[in-house]
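Trainee:
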Amino acid sequence: MQAPTRLDDGAYHDGMRRLQDRFDSRRLADRLADRLSRRAFSGDDRAFIEGCPMFFLATADALGRPDCSFKGGEPGFVRVTGESEFAFPSYDGNGMFRSLGNLLVNPAVGVLFVDWERPDRLRVNGTARICDDLDPLMGSFIGAQLVVRVVASVIFPNCPRYLPRMAVAERSAFVPRAGYTPPVPAWKRFEVFRDVLPRDDQARDDSASARAHCPTSAGPR
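Each residue of the sequence shown is one higher than the one before, starting from 51 at the first, in this note's numbering.
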């Protein structure tokens, strides 16, 4: 992978500049953009991203109304697939498609990767596109409904000083993985939702194997 590509001028808009000038941080902001911001992933970026079991995804609709969601999986569920691109699977959710629906009308995204144990974090802003079954990654993302590819416009580390140091006590039992069938989330068994679940949702099955389950442990590995 090539060395990180630095940003050109134009990293900040007028609103940012006004506050930088108010607090006398314009010079610092310019130095940070020059030294730390980039458009290509470094080897360290790749290792960090692919080691994260979660990230936060910010999107907006066509009118700019924001939405932020948590995306989780086994470490490695996010993959750096090119000099400035990463991809992740979209798993079964609540059916609202707030994040992915936004991408269809506004592809701009802001992504925050966090390592709570070190602690450390990395931000990636860019544009995203939704890929269908023809995407070559679909077959390797167990349990994916869709694949999302993000092309970075800016990559930059963030000061972790306000991050609490936390350790992962257990992985989610609901994350798909090879040779394992995740349990049905309890809310899908609530009477108020059962009649409107998608046709192929396993929670519609009234057999004993599709019982409600809300585990307190990560389940079998």
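Glycine included, C-beta positions come from ideal geometry on N, C-alpha and C.
This one's a predicted model, so the numbers in the text were calculated from it and none came from an experiment.
Please give the ranges of any alpha helix (DSSP H) in the stretch 131-216, keeping only runs that are unbroken, at least 4 residues long and fully inside the region.
Mentor: If we require 4 residues or more, the alpha helix (DSSP H) runs fully inside the stretch 131-216 come out as 148-155.
Trainee: Mapping the DSSP letters down to three states, classify L107 as helix, strand or coil.
Mentor: In the structure shown, L107 sits in a strand (DSSP, three-state: E or B).
Trainee: Does the contact criterion of 3 or more C-beta pairs under 8 Å hold for the stretch 164-171 versus the stretch 231-246?
Mentor: The answer is no - the stretch 231-246 does not touch the stretch 164-171, with fewer than three Cβ pairs under 8 Å.
Trainee: How far does the beta strand (DSSP E) with D255 in it extend, from its first residue to its last?
Mentor: D255 -> no beta strand (DSSP E), and no H or E assigned at all.
Trainee: Exposed or buried, Y141, counting other C-beta atoms within 10 Å across all chains shown (16 or more means buried)?
Mentor: Classification for Y141: buried.
Trainee: Report the CB separation of P103 from R221 in whole angstroms; it is logged as a contact under 8 Å.
Mentor: Going by Cβ atoms, the distance from P103 to R221 rounds to 7 Å, so yes, they are a contact pair.
Trainee: Flag this pair as yes or no: are the beta carbons of V204 and A178 separated by less than 9 Å?
Mentor: Their beta carbons are not under 9 Å apart, which means V204 does not touch A178 by this criterion.
Trainee: When the Cβ atoms of the stretch 119-135 are set against those of the stretch 89-103, are three or more pairs found closer than 8 Å?
Mentor: Contact holds: three or more Cβ-Cβ distances are below 8 Å.
Trainee: Nearest by alpha-carbon distance to R89: which of E133, L150, R211 and A137 is it?
Mentor: It is E133.
Trainee: Tell me the DSSP secondary structure of G122 in three-state form.
Mentor: Reduced to three states, the DSSP call for G122 is strand.
Trainee: Rounding to the nearest angstrom, what Cα-Cα distance links N175 and A61 in this structure?
Mentor: When rounded, the distance between both Cα atoms is 12 Å.
Trainee: Excluding the five sequence neighbours on either side, which residues of its own chain have a C-beta within less than 7 Å of the C-beta of W237, listed in chain order?
Mentor: Counting only Cβ-Cβ distances below 7 Å, and skipping sequence neighbours, we find F243.
Trainee: Assuming F163 and F105 are in contact, meaning their beta carbons sit under 8 Å apart, how far apart are those beta carbons, in whole angstroms?
Mentor: With 8 Å as the limit, F163 and F105 qualify as a contact, their Cβ atoms being about 5 Å apart.
Trainee: Looking at C-alpha atoms only, which residue of Y212, M216 and L153 is the closest neighbour of V197?
Mentor: Closest option to V197, Cα to Cα, is L153.
Trainee: How about L86 and F206: do their beta carbons lie closer than 9 Å?
Mentor: Yes, the Cβ-Cβ distance between L86 and F206 is below 9 Å.
Trainee: Quick one, which of F136, W166, G143 and V200 has its alpha-carbon nearest A219's?
Mentor: Taking only the C-alpha atoms, the option nearest A219 is W166.
Trainee: Let's see if you can read the secondary structure: which residues bound the alpha helix (DSSP H) around G101?
Mentor: Segment G93 to G101, the alpha helix (DSSP H) holding G101.
Trainee: Return the Cβ separation of N156 and D111 in integer angstroms, given the expectation that the two are a contact with Cβ distance under 8 Å.
Mentor: At roughly 6 Å, the Cβ-Cβ gap stays under 8 Å, so N156 and D111 are in contact.
Trainee: With a Cβ-Cβ cutoff of 9 Å, do V130 and F191 count as a contact?
Mentor: Their beta carbons are not under 9 Å apart, which means V130 does not touch F191 by this criterion.
Trainee: Can you grab the Cα-Cα spacing for the pair G122 / R215, in whole Å?
Mentor: Looking at the two C-alpha atoms, the distance is approximately 19 Å.
Trainee: With H, G and I counted as helix, E and B as strand and the rest as coil, what does DSSP make of R77?
Mentor: In this structure, R77 counts as helix in the three-state DSSP scheme.
Trainee: Are R200 and A137 closer than 9 Å when you measure CB to CB?
Mentor: For the record, residue 200 in the displayed sequence is Val; it is not Arg. Against a cut-off of 9 Å, the Cβ pair of A137 and V200 comes out as a contact.
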